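S.K.: Once you've had a glance at the structure underneath, I'll fire off some questions.
In UniProt numbering, the protein residues as written are 1 to 335.
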């Protein structure tokens with residue numbers, strides 16, 4: 001019976017007791033890998049709502065018990081459509097990307113430190129100061145991540161409501177899966193090699209100290225990961241601009257402040273290297289070289305194997321240009 005039920009698009013259960021409702025949800029949770037959503041508006045639905053992965057309570061005529069037991073609450077059933085198709089989609093897209101991006105940006109910086117440890121044969125010396133390492137996570141890269149995770153939207157509300165099949169991208173795990181994680185780690189590996197070894201070979205025969213090189217590595221790491229974030233942002237606004245580019249400026253300011261404190265290691269290091277034209281040339285070379293694979297993968301996937309989300313974005317673009325002649329665009333099914 002369970003096998004037959006899972007093959008059906010819709011299953012109706014009539015005259016079901018509260019515990020039986022919860023049992024149906026538990027059956028799906030335990031015997032499949034799917035996430036469960038339970039929606040109810042009365043006290044009889046409380047156990048079902050609590051059993052589901054996500055519970056939605058409707059504040060109706062049967063009281064507020066379902067609302068108090070739920071993860072999300074609303075006043076009317078008609079609000080379910082924007083909750084699922086719009087806010088559910090946005091939440092999945094944002095969370096999926098932000099989780100992968102946080103793994104990526106931290107892996108990039110840690111791998112730069114790892115290459116330095118290999119270079120020094122596992123000695124206890126450090127080129128990047130402790131303050132720079134701390135601020136990398138606390139300030140340089142965290143604030144843009146938070147702002148983009150809150151404000152960026154891959155598609156507008158009107159598009160998501162007009163094309164309900166776009167909701168299927170979350171069911172297919174298009175934004176958070178093992179393949180994307182591996183790809184992000186490979187990009188972090190490549191970019192860390194570029195960030196570390198280009199300055200290393202450029203200054204190998206010079207008299208520039210390791211503290212100065214450490215400042216270059218720290219600044220290059222921040223610029224590279226913020227540039228990757230900037231390439232993936234879909235809807236820019238002035239707040240995102242301020243935080244993405246402002247944190248790069250804040251990195252430069254913090255490096256000057258840290259290297260101006262004489263009791264800290266690396267005193268004056270930034271002044272020794274930033275005044276050279278080679279410093280700025282290397283920053284440009286590092287950013288371009290590090291971003292080439294990500295740009296190539298992004299351009300190839302969007303032009304030759306576009307997802308439903310990309311098709312939806314193109315619909316929005318053409319609608320803005322009044323070039324859409326067909327009201328319906330074929331997309332993949334949920335399966």
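Idealized CB from N, CA, C, for every residue including glycine. All values derive from a computational prediction rather than experimental measurement.
Beta-carbon within less than 7 Å of residue 260's beta-carbon, same chain only, minus the 5 sequence neighbours each way: which residues are those?
M.R.: Result list for residue 260: empty, nothing under 7 Å.
S.K.: What distance in whole Å lies between the Cβ atoms of residue 147 and residue 240, which are believed to be in contact at a cut-off of 8 Å?
M.R.: At roughly 6 Å, the Cβ-Cβ gap stays under 8 Å, so residue 240 and residue 147 are in contact.
S.K.: Residue 103: which of 157, 8, 180, 318 sits nearest, CA to CA?
M.R.: Answer by Cα proximity: 180.
S.K.: When you compare only the Cα positions, how much space is there between residue 209 and residue 269?
M.R.: Taking the straight line joining both Cα atoms gives about 8 Å.
S.K.: Under a three-way DSSP split, which group does residue 37 fall into?
M.R.: Three-state DSSP puts residue 37 in a strand.
S.K.: Would you call the CB atoms of residue 107 and residue 116 closer than 8 Å?
M.R.: No, these two residues do not count as a Cβ contact at 8 Å.
S.K.: Quick one, are the C-beta atoms of residue 43 and residue 57 less than 8 Å apart?
M.R.: No, Cβ-Cβ distance for residue 43 and residue 57 is not below 8 Å.
S.K.: Between which residues of its own chain and residue 364 is the CB-CB distance below 7 Å, once the five residues before and five after are set aside?
M.R.: What the structure shows of the chain is the stretch from 1 to 335, and residue 364 is not part of that stretch, so it cannot be assessed.
S.K.: Determine the direct distance from the alpha carbon of residue 26 to that of residue 391, and round the result to whole angstroms.
M.R.: One cannot answer for residue 391 here, as it falls past the ends of the chain, which runs 1 to 335.
S.K.: Less than 8 Å between the CB atoms is what I'm expecting for residue 96 and residue 176, so what's the real figure, rounded?
M.R.: About 3 Å; that satisfies the 8 Å criterion.
S.K.: What residues in its chain sit with their C-beta under 7 Å from that of residue 90, if we drop five residues either side in the sequence?
M.R.: 153, listed in sequence order.
S.K.: Once DSSP output is grouped into helix, strand and coil, what is the label at residue 273?
M.R.: In this structure, residue 273 counts as helix in the three-state DSSP scheme.
S.K.: Going by the DSSP bridge assignment, what does residue 266 pair with across the sheet?
M.R.: Answer is none; residue 266 lacks a bridge partner.
S.K.: From this set, 88, 314, 238, 202, which residue's C-alpha is nearest residue 277's C-alpha?
M.R.: Checking every option, the nearest Cα to that of residue 277 belongs to 202.
S.K.: If distances are taken between C-alpha atoms only, which option among 220, 189, 100 comes closest to residue 178?
M.R.: Answer by Cα proximity: 100.
S.K.: Under the rule that 16 or more other beta-carbon atoms within 10 Å means buried, what is residue 254, buried or exposed?
M.R.: When all chains shown are included, residue 254 counts as buried.
S.K.: Let me know if residue 7 comes out buried or exposed under the rule of 16 or more other beta-carbons within 10 Å of its beta-carbon.
M.R.: Answer is exposed; the Cβ neighbour count stays below 16.
S.K.: Buried or exposed: where does residue 336 fall if 16 or more other Cβ atoms within 10 Å of its Cβ makes it buried?
M.R.: This structure cannot speak to residue 336, because the chain is shown only from 1 to 335.
S.K.: Less than 7 Å between C-beta atoms, sequence neighbours within five positions excluded: which residues of the same chain meet that for residue 184?
M.R.: Here the set comprises 100, 103, 104.
S.K.: Are residue 80 and residue 199 touching if we call contact CB-CB under 8 Å?
M.R.: Not closer than 8 Å, so no.
S.K.: Cutting at 6 Å between CB atoms, please list the residues of its own chain near residue 45, excluding the five before and the five after it.
M.R.: Once the five neighbours on either side are set aside, the close Cβ partners of residue 45 are 66.
S.K.: Any beta carbon from chain D within less than 8 Å of residue 68's own beta carbon?
M.R.: The structure shown contains no chain D; it holds only a single protein chain.
S.K.: Compute every distance between the C-beta of residue 106 and the non-hydrogen atoms of the ligand SAH, then say whether any falls below 7 Å.
M.R.: Among the components of this structure there are no ligands whatsoever, and the ligand SAH is therefore not found.
S.K.: Quick one: complete alpha helix (DSSP H) runs, 4+ long, within the region 73-126?
M.R.: Counting whole runs of 4 or more residues, the region 73-126 contains the alpha helix (DSSP H) stretches 89-119.
S.K.: For residue 312, which residues from the same chain have a beta carbon less than 7 Å from its beta carbon, with the 5 sequence-adjacent residues on both sides left out?
M.R.: So the list reads 155, 159, 163, 166, once near-sequence residues are dropped.
S.K.: Can residue 309 and residue 142 be called in contact, C-beta distance under 8 Å?
M.R.: For residue 309 and residue 142, no; Cβs fall outside 8 Å.
S.K.: Count the other C-beta atoms from every protein chain shown that fall within 10 angstroms of the C-beta of residue 228, then say buried if there are 16 or more, exposed otherwise.
M.R.: The residue is buried, with at least 16 neighbouring Cβ atoms inside 10 Å.
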